[in-house]
Every structure is written in structure tokens, then in C-alpha cells.
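Numbering (my numbering), first residue to last: 1 to 466. We put the CB at the ideal spot given by N, CA and C, even for glycine. Every value quoted in this text rests on a predicted model; they were computed, and no experiment measured them.
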């Protein structure tokens, strides 16, 4: 090309201004985005992922994995504290907090492996940059203007900040994973599953923990009988619960924070080295340019989606935490694979998340699938409820972990299992057969006709079916 030729130069600039054509752009490489990208790449589609951070998203780097690494380290501390009753005498455990954090990072890095290499081997182009819509059809990704046939937004969610005076003194569920020093005292604002997981973790390491709950209950989505077991166990670790509490302000500085709150008309204060705000998470839309993308939002600022996760811009999908109030990794993965099917099959595929299990890694673990008794009642479903405790369970007796419960909810007329709820040791593992029962519409009789290893915790699921 001769740049001195005005006509040719004009053509050159027109060519430069044409956006790149990419079939599918995935914005975010967490569980949802990666699941979608891999499914599409396996089918031979051209996929580009825009991800400014490391592949793995919230679950791997700021949520599930690091939190569970700390949880299991705390479980070791609790186990050592009970060692003498098993005839093992080693004295009180000494906490090496930097070594605990090192174990957390080691766990994350081991699980992560070579994620970039895996994506590359599938032919997926990974661009380490943010994506921003320029129009309903085009995006800017690291300075490249790209027009995509399909865009899958999988940007995850971020913690909701406090709005009271002194909110800047509060940590989030992300920063609480990397405290450089083990706090002597911790006040947690909120009483959802994230709050109760951190309460169990830090109480296990000897931190004095206070949980302030605005509502009258804790862990609202979980079965009430299971929650009661967890609350008793956490209180046994020294966790203090204050329900009906309204936070009014934070003051001081990290290391010595005064928490002002009220219960009813009574103003109260407490002091803590750290304060953790765990009042929920919101979809991470900041900087995406949704205002020019032709994507409608509802009154709460969430994207409006059809059942197949299309936005009002039919080429743009939202998946995972960016789309759902149910912010769990398994649901994110289901979303990603479902949208991939919609693109591949050319027809809307509605993600089936019914019966997807989820857990709260507190003390003890809680897990559930399907409907609670209350939810079934609200839906007008006549039910029968069967349960068993861990009190006489062989595996629980020999490990001295007898505070547990398995509850199974079934339709009264058919015996079809529609819900399962577990509190106790290994609840997160034990929930799987009940999740499978809910998904496959198995009956109580089918659970009764099966057998479990003895002595094993899985016997509890079989026992609860009777």
C-alpha cells in the first residue's frame, strides 16, 4: 500500500476501522464463563475470553477454594483440641497464621493448575483485558474493537458495601481471606451462609466472634432444624449471635473498631479488631457499558433475562452470578453449559437447576437440595417428612461427631423425594445422593431399598428414608 496515495490511504483507514469479527466472546473466566467456552470450543466454535484477572473467577481466587482451605485448617485445630479423648496427647495446638495462609495459597495454586494452557489447548483465545460494550454489536477488549455474533457475560458478583458512617473500616468476604494477622476479635455484619462460614473459621482459630443479624433468624434459606444444630455448635465455639440488630456506624480504625448498633430502641456498642461486612453480593456490571449495549435493567439494576438467559439484546447472554440470585458454582456451570447448547442448537435451552445442592461450610456443615418444608407448604404441596439424627450412627459415635441430622421431604401421595437437608459431619458429601434423588424424581421406597457401607456416615441417608 502506497501511503502517499490519498485514495489508497482512505481505503487503508476504512479497513483499520472495521471491527474484528469473532463468533463468540465470553466476558469473564470463572465457573460460568469457562464452562460455556469449553463446551463451545469442543464443538469447534471460535471463542475469545476476555478476563483481566486469573482464570478461575471468584470461586477459585476470592471465594470457595480459599475459604474452604481455611475451613479445613480450622477443622484440624478443632480436632487437635479433642485429641486427648481419643488417647492422643499432644498439648494445645499452636497457630502459625502465616503458614495457614501459605497452605491456602498452595491449595488454590494446586487446584488452578495451568488453566491458561488448558484453554489454549482447546483453541480458545484468552485476552487479559477488560471488555466494554461500544454498541449493541461491538466491544472494546484491550484496545481491540470486536464485533461478536454472541456475547456471554460471566462477570460474577462483588460484595455489597455497607452504607453507614465509617463503612470504610469494614472488610469484605474477599479481604477477610487474607488477613495478615489472626484477629483476636471479629464482628460479622450479616447472618447468611458466607457470614456463618467465616464465623466458624475464625472461631476455630480462637478469635472472639460476634454476628449481628438484622433479622430474627440466621441462615434463612436453610432448614430450621439444621440451622439450630449449627447455631448450638457455633455458640459452643464462643460465637455470639445478636438478632434484630440494626447497624448505625463504625468508628476508630482497623485494629480497634467501635461498632454502634441498636436492638429495638436500645443503642449498643461493641469493639472488635476487625469488622466483616457480609450482607450479600451484587452482579458485577461496572465498566461493561450496558447503557450502550441495548441491555435492559430492572428497577433494582439487574439485567432483565428470559428463561434461556437472553437479555433484551438477543445476542447477549448473562450467566452465573451475573445473572442469578442463586450464586453458587454448580448453578454457574449449569448456566454456562446451557447457553452453549442454545448457541450450538440454535434454539432456546432453559437451564435446569432444580435440585442443585449447595452447602454452608460452617460448624458443622449444612447442605441441602430441593424444597424445605416451608417452601413446599407455600407451594401447596402435601408432604411427608422423614429424619434421623447422628446420635446412634456408628461412624458418628467412633468419631464423636454425633450432633447431626438428615431430613428428607417427599410428596405425600407419591413418595417422590422433593427435598433433602443435612447438618453434621460431611454434610457437603452426603447431600449428593439426595440431590440425585430430587433430580431423578426417585421415591422414598427406592432409597429404602438401597444399602450403605457400615459404619459410614452415608448410612444416615438410608436411615432417614424410613
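Residues that DSSP places opposite residue 405 in a beta bridge:
By 1-based counting over the chain shown, the position of residue 405 is 405. Its beta-bridge partners are 389, 423.
Just the C-alpha distance for residue 388 and residue 410, rounded to the nearest angstrom, thanks.
To locate residue 388, count along the chain shown from 1; it is residue 388. To locate residue 410, count along the chain shown from 1; it is residue 410. Straight-line Cα distance between these residues: approximately 15 Å.
Output yes or no for whether 8 Å exceeds the beta carbon distance between residue 394 and residue 425.
The count along the chain shown starts at 1 and reaches residue 394 at position 394. The count along the chain shown starts at 1 and reaches residue 425 at position 425. No; because the gap between Cβ atoms is not below 8 Å, this pair is not in contact.
Should residue 230 and residue 366 be called a contact, given that it needs their Cβ atoms to be closer than 8 Å?
Looking up residue 230 in the chain shown gives position 230. Looking up residue 366 in the chain shown gives position 366. Yes, Cβ-Cβ distance for residue 230 and residue 366 is below 8 Å.
Using only alpha-carbon positions, find the residue among 134, 300, 249 that is nearest to residue 287.
As a working note, residue 287 is residue 287 in the chain shown. Cα-wise, what sits closest to residue 287 is 134.
Do you know offhand how far residue 464's Cα is from residue 70's?
Position 464 of the chain shown, counting from 1, holds the residue named residue 464. Position 70 of the chain shown, counting from 1, holds the residue named residue 70. Their Cα atoms are separated by approximately 31 Å.
Out of 386, 330, 316, 309, state which residue places its alpha-carbon closest to the alpha-carbon of residue 350.
The residue you call residue 350 lines up with position 350 of the chain shown. Taking only the C-alpha atoms, the option nearest residue 350 is 309.
Given a threshold of 16 other Cβ atoms within 10 Å of its Cβ, counted over all protein chains shown, does residue 269 qualify as buried or as exposed?
Here residue 269 refers to the residue found at position 269 of the chain shown. Looking at its Cβ environment, which holds fewer than 16 other Cβ atoms inside 10 Å, residue 269 is exposed.
Let's see if you can read the secondary structure: which residues bound the alpha helix (DSSP H) around residue 291?
For the purposes of this step, residue 291 is taken as the residue at position 291 of the chain shown. That residue, residue 291, is in no alpha helix (DSSP H); it is neither H nor E in DSSP.
Residue 153 versus residue 172 - alpha carbon distance
Taking the first residue of the chain shown as 1, we reach residue 153 at position 153. Taking the first residue of the chain shown as 1, we reach residue 172 at position 172. Using only the alpha carbons, I get a separation of about 24 Å.
Taking its Cβ as the centre, do 16 or more other Cβ atoms sit within 10 Å of residue 118, making it buried, or is it exposed?
Looking up residue 118 in the chain shown gives position 118. Label assigned to residue 118: exposed.
Starting from the C-beta of residue 190, find all residues in its chain whose C-beta is less than 6 Å away, skip the five residues before and the five after it, and write them out in chain order.
Within the chain shown, residue 190 is the residue found at index 190, counting from 1. The answer, listed in chain order, is 278, 279.
Under the rule that 16 or more other beta-carbon atoms within 10 Å means buried, what is residue 347, buried or exposed?
As a working mapping, residue 347 is identified with position 347 in the chain shown. Counting the other CB atoms within 10 Å of its CB gives residue 347 a total below 16, which places it among the exposed residues.
Hey, out of 291, 293, 303, 294, whose CA is closest to residue 282's CA?
Translated into the one-based positions of the chain shown, residue 282 becomes position 282. Checked all of 291, 293, 303, 294; the closest Cα to residue 282 is 303.
Cβ neighbours of residue 242 in the same chain (closer than 6 Å, five flanking residues each side left out):
Here residue 242 is taken as the residue at index 242 of the chain shown, counted from 1. The answer, listed in chain order, is 212.
For residue 370, name the three-state secondary structure that DSSP assigns.
Sequence index remark: in the chain shown, residue 370 carries index 370 (1-based). Residue 370 falls in the strand class under three-state DSSP.
Leaving out five residues on either side along the sequence, give the residues of the same chain with a beta carbon under 8 Å from the beta carbon of residue 378.
By one-based count along the chain shown, residue 378 stands at place 378. Correct list: empty, nothing qualifies.
I need the boundaries of the alpha helix (DSSP H) containing residue 58, first residue and last residue.
Within the chain shown, numbered from 1, the residue matching residue 58 stands at position 58. 57-61 is the span of the alpha helix (DSSP H), which, as asked, contains residue 58.
How is residue 452 classed by DSSP in three states: helix, strand or coil?
Within the chain shown, residue 452 is the residue found at index 452, counting from 1. DSSP places residue 452 in coil when its eight states are reduced to three.
Whose CA, out of 103, 73, 447, lies closest to the CA of residue 93?
To locate residue 93, count along the chain shown from 1; it is residue 93. Residue 73 is the option with its Cα nearest to residue 93.
For residue 252, which of helix, strand or coil comes out of DSSP?
The residue labelled residue 252 in the question sits at position 252 within the chain shown. Residue state, collapsed to three classes: strand.
Terminal residues of the beta strand (DSSP E) in which residue 442 lies
Residue numbering aside, residue 442 sits at position 442 when the chain shown is read from its first letter. Where residue 442 is concerned, there is no enclosing beta strand (DSSP E), given that its DSSP letter is neither H nor E.
Applying the 10 Å Cβ sphere with the 16-neighbour rule, what's the burial state of residue 104?
Your numbering for residue 104 matches position 104 in the chain shown. Burial call: buried.
Got a sec? Which residues, its chain only, sit under 6 Å from residue 208 by beta carbon, not counting five neighbours each side?
Here residue 208 refers to the residue found at position 208 when the chain shown is read from its first residue. The answer, listed in chain order, is 185.
Hey, would you say residue 29 sits closer than 8 Å to residue 55, going by beta carbons?
Residue mapping note: residue 29 aligns to position 29 of the chain shown, counting from 1. Residue mapping note: residue 55 aligns to position 55 of the chain shown, counting from 1. In this structure, residue 55 lies closer than 8 Å to residue 29 by Cβ.
Minimum C-alpha distance to residue 398 - residue among 445, 40, 85, 35:
Position 398 of the chain shown, counted from the first residue, corresponds to residue 398. Ranking the options by Cα distance to residue 398, first place goes to 85.
Would residue 418 pass as a contact of residue 376 if the rule is Cβ separation under 8 Å?
Here the question's residue 418 lines up with position 418 in the chain shown. Here the question's residue 376 lines up with position 376 in the chain shown. Cβ atoms of residue 418 and residue 376: closer than 8 Å.
Segment limits, beta strand (DSSP E) that includes residue 50
Position 50 of the chain shown, counted from the first residue, corresponds to residue 50. Start and end: 47-50.
Who are the near neighbours of residue 66 in its chain, counting only those whose CB is closer than 7 Å to its CB and skipping five residues on each side?
As a working mapping, residue 66 is identified with position 66 in the chain shown. These residues qualify, in order along the chain: 104, 108, 177.
Inter-stretch contact at 8 Å, needing at least 3 Cβ pairs: the region 328-343 / the region 23-41:
Taking a cut-off of 8 Å on C-beta distances, the region 328-343 touches the region 23-41, as three or more cross pairs fall below it.
Nonlocal neighbours in the same chain, by C-beta distance under 6 Å from residue 447, ignoring five residues either side:
Start at 1 with the first residue of the chain shown, and residue 447 comes out as number 447. So the list reads 465, once near-sequence residues are dropped.
According to DSSP, residue 21 sits in a beta bridge with which residue or residues?
Locating residue 21 in the chain shown gives position 21, where the first residue counts as 1. Beta-bridge pairing links residue 21 to 147.
Proximity to residue 210 [Cα-Cα], best of 174, 261, 336:
Along the chain shown, one-based indexing puts residue 210 at 210. Minimum Cα distance to residue 210 is reached at 261.
Residues near residue 138 in its chain [Cβ-Cβ closer than 7 Å; skip 5 each side]
Counting from one through the chain shown, the residue named residue 138 turns up at place 138. The residues are 19, 145, 146, 147.
What do you get for residue 159, buried or exposed, if any count of 16 or more other CB atoms within 10 angstroms of its CB means buried?
Your numbering for residue 159 matches position 159 in the chain shown. Residue 159 comes out buried.
Residue 182 to residue 236, Cα distance in whole Å?
If you number the chain shown from 1, residue 182 lands on position 182. If you number the chain shown from 1, residue 236 lands on position 236. Using only the alpha carbons, I get a separation of about 20 Å.
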